[in-house]
Every structure is written in C-alpha cells, then in structure tokens.
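Under the numbering used here, the first residue of the sequence shown carries the number 1032, and numbering increases by one thereafter. Before any comments, here is the structure.
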Amino acid sequence: MQKHSNFKDFTLITPTASISNDQYGGRAKCLQRLIRLDMPVPKTVALSFAAVHAIAAGQLPDIAGMMAPFGKFPLVSVRPSSQDPDWGGPGAILNIGMNNALYDILCNKIGHGAASRLYLRFIQSYAVHVARLDAEAFEFPEKSNSDAAQLALAAYEDETYEPFPQDPNQQLAEVLRSMARAWEGTSARLLRQAKGAPADAGLGLVVQQMALGLGAGESGSGVIQFADATTGLAKIAGRYLSQSQGRDALSAGSKAIYITKDKRGPSLEDLTPAAFEELITCGHKCRQRLREEMQVEFTIENGNLHILDAVRLPRSSRAAVRIAVDLAEDNIISTQDAILRIEPSALNELLHRQVDDTAIRDCIGHGIAASPGAASGKLVFSAADAQACAAREEPCILVRRETTPEDIRGMHAAQGVLTERGGMTSHAAVIGRGLGLPCIVGATDIKLNTRTKTLIGSDGRLFQEGDILTIDGTRGQVLAGAPQMVEAGLDDSFQKLLGWADTYRDIGVRANADTPADAQTARNFAAEGIGLCRTEHMFFETDRLIVMREMIFADRPQDRRASLERLLPMQRADFVQLFDIMQGMPVCIRLFDPPLHEFLPSSREGLRELAEALDLPMSDVTARVEEMSEFNPMLGMRGVRLGITVPEIYDMQARAIFEATVEASKGGQAIVPEIMIPLVTAKREVELVKTRIDAVAAAVRTELGASFDYRLGVMVETPRAALRAADIAQHSAFLSFGTNDLTQMTYGLSRDDAGRFMAAYVQQGVYPEDPFHVMDLDGVGELLEIGASRGRSVKPDIVLSICGEHGGTPASIDFCRKAGYDYVSCSPFRVPVARLAAAQLAL
Ligand code: PEP
Ligand code: MG
C-alpha cells in the first residue's frame, strides 16, 4: 500500500457534519439521523465513497487521524455504507484494535473469559476476511474459550509466518483495504447490479466505537423491530443475548431471549426494564422521525443502552403495503409517499399465492414466467384429464406442448399450466393471465411425451402422470413436489393504497375480460370498464362448441344462419351479464377474431366425436378440417377478413350486443356498447362492417321499439392500420392498439413460436428484451405514436387506448400517458399493478 496522500474524505459523524447519502452512503446518513435524535450512538467516523475508492486503488488515508476520536486504546467496528442498503456490501468486522496490551487491560476490566472472546472474534474475522486464511484453522471447541485467543494467535503465526498485527492503525488500514477491494470485486459487482445498482455504485464505510456487550453487569446485544416483517402489522419483536456482540442473538436459537414479556420464556423487558423502556422510546422516535419502520441493532453495556445501527426493516411485499399505509394514516408520511414506496410489480405477491421464500426449491425446468403465482398439483397431460381431476377435487397441473382453444376447459379445471412452447402472448399465457392462473410457457428444457404421459426434467429426472409438480409462474420455475406456499394477501391496506392511487392517476385503466367471472374480477379490482372482451372465448363452453362447429361446417348461408340463431341467445345472455356486472361502465366488445379452424378438433379422437355429433362420415370431417387449415393462420382468414367473407357471424354478434343493450338498459342508465373490429388493414373494411352493423342496429331498434346508441371502433393491430390511421379514424369513435398482433407483425415474429429462439436473441443482445413481454418502445412504439397522431389529425377527440398484453406494464403506461392515450386495458389481475404504476407516473 502506498503512503497516504492528502485526501481526508472521512469525518466524525456529528449532528452538523456534512453527510449525504450519495457521498457517504445510507448507513452513515442514518447514523447521523439517530445522533440528531439524541440516541445513544457510539462515536462513529464515516468514510466517503471517494475515500473507499482510493483505498481500493492502493492509497492510504490518514488512519491515525481516523482513529484519534477513539482514544488511546481504540476498539472499533467497521460496517459497509452503500448508497442503497439493499445493494449490500462486505460483512461487518468487530473488535478492531484488540491486541495483547488491550487484552491485558480488558482482562482486569471485564474478566479473562470475556476479553479472550473479544480477541478471538477479531482474530478469526481478520484471519478469514483480511488475511484470507481458512476458517477451519481458527475454530476451537467452546470450552477452551479462555485460552482460545492464544491458540488463534499461534494459528495465525503458523499460517502466515508473521505475528498477528498488534498496531490498531495497521489493523484498521488492512480491514479497510480488504473491504474496499471486496466491493470492487467482480462477483460483488454482479450481485449488486442484479439488485439494480449502477456499475460504478460507491461504497462508504463507518468506523464505530465498540460498545462491548461482554463483561460486568447486564451486558449483551440484540435486535429489535416494531412491525411484523410478513404482515406489516405493528408488533414488537426481536432477540437479545446476554454476553454477546453484533447480531449474535439472531443466530443463537433458544439461548437468546425475547424482547417483550412472553409466555414462552424470559425477556429483555423482565431482565432490564429501564433499557427496554429506552429502546421502545428509540423505536418510536425512529418511526416518527425517520418516517420508516426500522430494525434497530443495540448493545447493553453494564446496563447502559447503545444504539449501534438501524436499517429499514426487511419486509414482504404485503408488509410493505401495510407499513406504507399505516405510516400515511398516522400522518407520518403523505399518501403520495405511501404510493411511491411500493414497487407496482410487488403487488403480484399480494394477488397470488407464492412459493414461500424460505422453501427449498427442487427446480426441474425453466420457462417464461407468463402468469404470476404458484400452484401445486398432480401432473396431467390433457384437458380431459384435468377436468377429471377437478371432478375428484384433486388439484392438478396441466402440461401441454402448447395450448389451443380446445384446452380452455382443462385450463379452467387446472391449478396451473405449463407449456413446452409459446411466448408471452401465446394462448396459454393470455388465458392464464386472464384467469389469474399460474402459468409457464416456452419451457424448452423439459421434454414432454404426451403419448406415454411422461415429462423429463432438465436434470433428466422422469415424472409420470399423477406425480406432484409445482408451477412458479412468478419466476418461471417448474419445481418437483409441493413446497410451502404463502397465501394471497388482499386486505384493507391494499384497497386503501389503490384508492389513494386512483386520486392521482391521469390515465384510465380498464380490464381485458371475456367472461362474467373475468368481469367480476375486473370490478373487484376497480377497473374502469372493459377495454377488450374477446368474444371468441365465449364459444368454448361444451354446449356452444358443438353449435359453433355446426356453423363452421355449414355449406349454405341458410344453414349457417340456423346455427348462428342458436348461438344468438347464448351470446345475448353473455352480454347482458357483462353489462349488468359493469353497471354502466364502458364495455368494449371485439367482434370474432380467430381463424375458424381453431374451433375444430386436432386429435383423431376429437375428429371422431365431431363426426358423431354432426352425423357425418369421419372422412368428410377430416377432409373439411384439412381444407380449412392454413399455412400461416395468424396472417390468414381471421379478424375482419372473416367478418367480410362470412358476414353472418358479425351480424349475429351485433344483434346479440344490441338486444342485450336494450335488455340491460331497462334496469337503469342507458348502456352505450362499444364494438371493435379486429385486424383491420384498410378503411374499406371498416366501411363494409359499419354498414352492416348500422343495419342490424336499425333493425333491432325497430323490432324492439327501443332507442340506443353504440360506438364503433377499430383495433389497430397491423402496421398498415397504424400508418393509415387518418383514413380509418374517419369511421371510428376509438382506436385500440392491439400490441400483441402489432408486435408480431412489426417484427414479422410469430407470437406462438418466438419462444424457441427468443432466449438466444436476448442473450446475444439482438433485442434487449422479449418484445412480447416488454413493449418495444422504439419500433412498435413509433407505430403507436404515428397511429395516434394521424388518427387525431382527422378526429381530435378520438379515444385512444392499448389492449395488448403490454397494457399493464409501467413502461407502456408511461409511454401511453406521454403519447396522450386515454386508457390502457390489461388482464384483470394486472389492473391493480397498472393503477399503482399510473399513479406513480403522475406524481
Ligand atoms: C392484440 O393483438 O394485441 C390483442 C389484444 O388481441 P389478441 O391477443 O386477441 O390477438
Ligand atoms: Mg390481436
């Protein structure tokens, strides 16, 4: 190490010293606050990021000056002080300054045993963390404690061929150097970058006078907190251990005692009521003045309390919400602060069951975390088996290569879904999120054999039908067995926080809801309407699927109409229910979108059943199904193309919507349905559909003697629709950007197949993220901006929204706010996240 230069970037922490978070780190700043609150904090010197950086580079600060405040025989600790405490840092080192001279003094003062333990602890930490020696060489049996320090000194000399350093200044210099270097090491940097720290994040260090915790009178150390880390409810908890230092009490098991009086055993409150009272007062002050729930580390030295440190109480997401709301309700922080303190995605933990953080994870596969939450159940390989499980009330996990609309009933019956293929907007992912069902897609490291009903995990283990698996859709992990779970935790504090968020938010949040159950969920989460009802999902109920298939198989328009007439009352009833549930809020219904063959069976068994139901020879059915298949179905006969070539379907849907409007409006306020045309590419498509829908509306008005309005809009899902938005807007009351198809078509990437290579693409930096997961603000975003401005140029009051799967993410909400959109629409379970994110962006 070089001789020290002139820098003096360290300072004794006093109430008036100039100490900022970004120069000295969070711990130093927090200690200053505690000192300002008159808490009994031992003398502390703070080293700045610049000082620590210089030390790592080989410079030596003025160690003697740094040690000066600690007297003739200094005894100090060093702790890290990074800018954000969550970024971590090297572990604390205690008892720096212990040497033979101080040992002799302490033997007289606190006894031989206690002095030896202090010395031993320091030699051990120094040997392992500074001299980088093997820990085993410094472990001695408990009973030999009194001479353990001497044994450790000898071991040190044996290992290094040098005596243990006796000069406190040298000891401190070496400790500082090793901590500074550890922070700059690659693994520490990667670890903190994973927690969001910038690559050049600085480390400060604090050097603090030791409060002994060992020796005469009541001496010991402990940790106290004032709220429960899991629930956030007010509750004093912690541990205390006599004759100990640092955080020893937390790892001492039954040797440590409780903090408050407790039926289960002795407590600090019984042992030393005065110190206990003082601690409670400190805790109260911390909450009031630091405006946070803190965890406080303390030492009692011969009956006197010392507060060594306070950190933000580590907490679950659920506790974070409760704590923020309680602090706001106690007028300690503002409601805005409470809103800003919660990471929106953390709400997922409250909305869904999760694998317990402490549970052991036996991971057998990975995939895209398509729908959050966790579920365990028996492995099944078909929708029919999932339904059979549900009938027996056995939880199950449905595993498919990929799901198709045929699997929808199986998905409803299962507790979780796993697919080998697919991406963020594939069928399983969209339905999973809609249902709030944990789902992993694109799990390419598992191997599935649906014929033998087996699954081989990434480590080669074989699983059979009926084996228990767990889907962690939050992390995208497939786990063997059923680890411990934490239940969803929606409580009054969650509702309160979101209620506050709504008062600040300046962009609407609607839900994508296809069924009455979805609509109810959307309402429970206070969505401001339905932004996308994918009507095709209504046709997968068993009784409807048969009629739907009849309709598809009809050769003549009159036969098709006959089938559609049977579907009409079912659709009408669906819409009446949606309108009733939404109680006058806007409901945007998208006309039929998918290719018709999605409603046809793909398996031989399914084809046979269909032949039976339609009373047709199997060969006819097979031929017809083959005839309908397309090379690129997502770019084929779907959306408005169906509406134009098979117009009877849209006619029926429009009639169902209008008849339901009249029916539901009888109950109270007039309902104005929104009807949306999918996959538009040209103005003429809109004109053709609009003409027919207007005609249906006129017919229904006459037939029922009722009057009603409706709003017709277009889904902008093709690049051409975005580019030609000025034409299209002429006939549209609103434009809703379907970013799933728009991403697919902008990139020319199949939303169902991209999962196969997306990981490789992201890994090699071709795309920064999966664009089906994180909206591509540059490319797709530009189309969103072009579409919005061209649409508005001809119709300034046109309503703009997005309804693809990106709708609920903070980044896309930010983008939409800036582009002047009116609302975003997302899966019901994402509505709370979107409400909170939108409020944070507005604050
Ligand atoms: C979209 O394409 O963004 C959309 C919402 O429609 P779907 O996912 O049903 O194709
Ligand atoms: Mg679409």
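The beta-carbon is built from N, C-alpha and C at its ideal position, and this holds for glycine as well. Fair warning: this is a prediction, and the values are worked out from it, not measured in the lab.
Rounded to whole angstroms, what is the Cα-Cα separation between Asn1037 and Tyr1055?
Here the model assigns Asn1037 a pLDDT of 46, short of 50, so the residue's position is not dependable and the matter cannot be decided.
Could you check whether the segment 1784-1794 touches the segment 1735-1755, counting it as contact only if at least three pairs of C-beta atoms, one from each stretch, sit closer than 8 Å?
They do not touch, by the three-pair rule.
Is DSSP giving Glu1332 helix, strand or coil here?
Glu1332 falls in the strand class under three-state DSSP.
On the DSSP letters alone, give me the boundaries of the beta strand (DSSP E) that Met1746 sits inside.
Arg1742 to Val1747
DSSP three-state label for Asp1293, please.
strand
Would you identify the three-state DSSP class for Met1032, choosing helix, strand or coil?
Low local confidence applies: a pLDDT of 44 at Met1032 is under 50, so the model's placement there is unreliable, with the coordinate-based value given in what follows. In this structure, Met1032 counts as coil in the three-state DSSP scheme.
Count the other C-beta atoms from every protein chain shown that fall within 10 angstroms of the C-beta of Pro1648, then say buried if there are 16 or more, exposed otherwise.
It is exposed - the Cβ of Pro1648 has fewer than 16 other Cβ atoms within 10 Å.
Buried or exposed for Ile1050, going by 16 or more other Cβ atoms inside 10 Å?
In summary, Ile1050 is buried, with 16 or more beta-carbon neighbours lying within 10 Å of its beta-carbon over all protein chains present.
What number of angstroms, rounded off, separates the C-alpha of Ser1347 from the C-alpha of Thr1261?
Each residue's Cα considered, the two are about 5 Å apart.
In chain order, which beta strand (DSSP E) runs of at least 3 residues are fully inside the segment 1194-1241?
1234-1240
Counting Cβ pairs, one atom from each stretch, are 3 or more of them under 8 Å apart for the segment 1736-1745 and the segment 1705-1713?
Output reads yes: the segment 1705-1713 touches the segment 1736-1745.
Ordered along the chain, which non-local residues of its own chain (more than five positions away) have a Cβ less than 7 Å from that of Ile1487?
Ile1477, Lys1478 and Leu1493
Can you list, in chain order, the stretches of the alpha helix (DSSP H) that have 4 or more residues and sit fully within the segment 1408-1442?
Counting whole runs of 4 or more residues, the segment 1408-1442 contains the alpha helix (DSSP H) stretches 1414-1422.
Can you check DSSP and say which residues form a bridge with Lys1478?
Paired residue(s): Ile1487.
Buried or exposed: which applies to Ala1287, given that a residue is buried once 16 or more other Cβ atoms fall within 10 Å of its Cβ?
That one is buried.
Would a C-beta distance cut-off of 8 Å place Val1540 and Ile1338 closer than the cut-off?
no
Specify whether the segment 1593-1612 and the segment 1571-1581 touch according to this definition: at least 3 beta carbon pairs, one from each stretch, less than 8 Å apart.
yes
Would you call the segment 1639-1656 in contact with the segment 1800-1807, where contact means no fewer than 3 C-beta pairs closer than 8 Å?
no
Could you give the uninterrupted runs of the alpha helix (DSSP H) lying entirely in the segment 1590-1666, keeping only those of 4 residues or more?
1635-1645 and 1649-1659
Suppose the cutoff is 8 Å on Cβ atoms and the five residues either side in sequence are ignored; what does the same chain contact list for Ala1415 look like?
Gly1441
Rounded to whole angstroms, what is the Cα-Cα separation between Asp1884 and Glu1518?
Because residue 1884 is not part of the residues shown, which for the chain are 1032 to 1874, the question remains open.
Whole-angstrom Cβ separation of Gly1246 and Lys1140, contact assumed at under 8 Å?
7 Å
Classify Val1793 as helix, strand or coil using the three-state DSSP reduction.
Looking at Val1793 - three-state DSSP - the assignment turns out to be helix.
Quick check: the segment 1147-1162 against the segment 1056-1070, are at least 3 beta-carbon pairs closer than 8 Å?
no
Could you tell me the distance, in whole angstroms, from the CA atom of Ala1225 to the CA atom of Gly1396?
22 Å
By the DSSP assignment, the beta strand (DSSP E) with Tyr1157 in it spans what residues?
No beta strand (DSSP E) holds Tyr1157; DSSP gives it neither H nor E.
So which residues touch the region around ligand 2, with touch meaning a C-beta under 7 Å from any heavy atom?
Asp1624, Pro1709, Leu1710, Met1746, Glu1748, Gly1769, Asn1771 and Asp1772
Let me know if Ala1242 comes out buried or exposed under the rule of 16 or more other beta-carbons within 10 Å of its beta-carbon.
buried
Ignore the nearest five residues each way along the sequence and tell me which others in Leu1182's own chain have a CB closer than 6 Å to its CB.
Excluding sequence positions up to five before and after Leu1182, its CB lies within less than 6 Å of the CB of Phe1171, all in the same chain and listed in chain order.
Do Cys1834 and ligand 1 come close, with the Cβ less than 7 Å from some heavy atom?
yes
Using the three-state DSSP reduction, which class does Lys1266 fall into: helix, strand or coil?
In the three-state reduction of the DSSP assignment, Lys1266 falls in the strand class.
Going by alpha carbons, who is nearest to Val1254 out of Met1569, Ser1275 and Ala1265?
If we check each option's Cα against that of Val1254, Ser1275 comes out closest.
Alpha carbons only, please: which of Phe1307, Gly1560 and Ile1428 is nearest the one belonging to Ala1268?
Phe1307
So which of Leu1808, Pro1426 and Asp1393 has the shortest CA-CA distance to Ala1406?
Pro1426
Between which residues of its own chain and Asp1605 is the CB-CB distance below 6 Å, once the five residues before and five after are set aside?
Met1569
Let's see if you can read the secondary structure: which residues bound the beta strand (DSSP E) around Ala1258?
Gly1251 to Ala1258
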